[in-house]
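**Q** Below you'll find the structure I mean.
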């Protein structure tokens, strides 16, 4: 059962303060939730770094936003979060060109795709949804700490039924696309909570929150079509049943700049958190509350990515 914080009950983007002078980096910013999030933050005055793996799509998205918001500041950064090398190179550029980052929204992701191994040797969903963002966040920590910044991990309702298969984290022995997706979304939730705990314990000024969009009609559903006819049917049903990206992005924006405390998890305020015109605190499954498992996942993520922090 979710609980609606009184300060969240009526929160809308109209409550966002002036973000002038702040810098936000949004991954997966060329479409869907990321594009909406980038637009809303820019409307409030933030300079927005739009990150994604496809330069042409990013450039088109940034051009679209710039036309509608001529006074806003946008830049694009090519970051393929499924590739540790792409993340490393992008971080080098960002460290050289920015003095700080106020908001990091780890939004990019793929959903329920067939098993593919990345050049780094990782299962692609786990690499994209969790490991890449773990590495990005850790390497950007100096910029985040320079501004007492906030990190938003984007999870999903799928986390509620997720489990971390520590004995086969890459799902080599038996692969089910939805089981793996649920694992990655639970990992996102555990990461946000564990980062919040570690940052507070270390005295870092960085905070971390977690958000999920409910069921939203975004390009993620297209990923499912890679799996053949049955998955194309799933993708169509998912898209038809989803709420708009504008409503889906509301919890993400709220987690970034709204009345959400470090370590909290928010989502839509409607029935079963699947949709809603507002934001509420979200149900946290027992698996995500397991501190020992969260620490184990953190250590494993450091080992796999070679990025150690906090």
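In the numbering used here, the protein residues as written are 38 to 347.
A virtual CB, placed ideally from N, CA and C, is assigned to each residue, including glycine.
Every value quoted in this text rests on a predicted model; they were computed, and no experiment measured them.
(1) So, is residue 179 buried or exposed, given that buried needs 16 or more other C-beta atoms within 10 angstroms?
(2) At a cut of 8 Å, does the region 319-333 reach the region 187-202 through at least three beta carbon pairs?
(3) Out of 129, 300, 281 and 55, state which residue places its alpha-carbon closest to the alpha-carbon of residue 109.
(4) Which full runs of the beta strand (DSSP E) of 3+ residues lie inside the region 52-93, going along the chain?
(5) Just tell me which of 68, 231, 78 and 206 has its CA closest to the CA of residue 295.
(6) Can you give the beta carbon distance from residue 248 to residue 304, rounded, assuming they're within the 8 Å contact cut?
(7) Quick one, are the C-beta atoms of residue 188 and residue 289 less than 8 Å apart?
(8) Tell me which same chain residues have a C-beta within less than 6 Å of the C-beta of residue 71, skipping the five on either side of it?
(9) Specify whether the region 42-52 and the region 115-130 touch according to this definition: at least 3 beta carbon pairs, one from each stretch, less than 8 Å apart.
(10) Measuring only the C-alpha atoms, how far is residue 113 from residue 347?
(11) From what residue to what residue does the alpha helix (DSSP H) around residue 288 run?
(12) Report the partner residues of residue 113 according to the DSSP bridge assignment.
(13) Pick helix, strand or coil for residue 306, following the three-state DSSP scheme.
(14) Please name the residue in 214, 186, 203 and 252 whose C-alpha comes closest to that of residue 236.
(15) Identify which residue in 329, 335, 342 and 316 has its Cα closest to the Cα of residue 229.
**A** In short, the structure shows the following:
(1) exposed
(2) yes
(3) 55
(4) 60-64 and 84-89
(5) 78
(6) 7 Å
(7) no
(8) 63, 65 and 144
(9) no
(10) 28 Å
(11) 282-294
(12) 87
(13) coil
(14) 186
(15) 335
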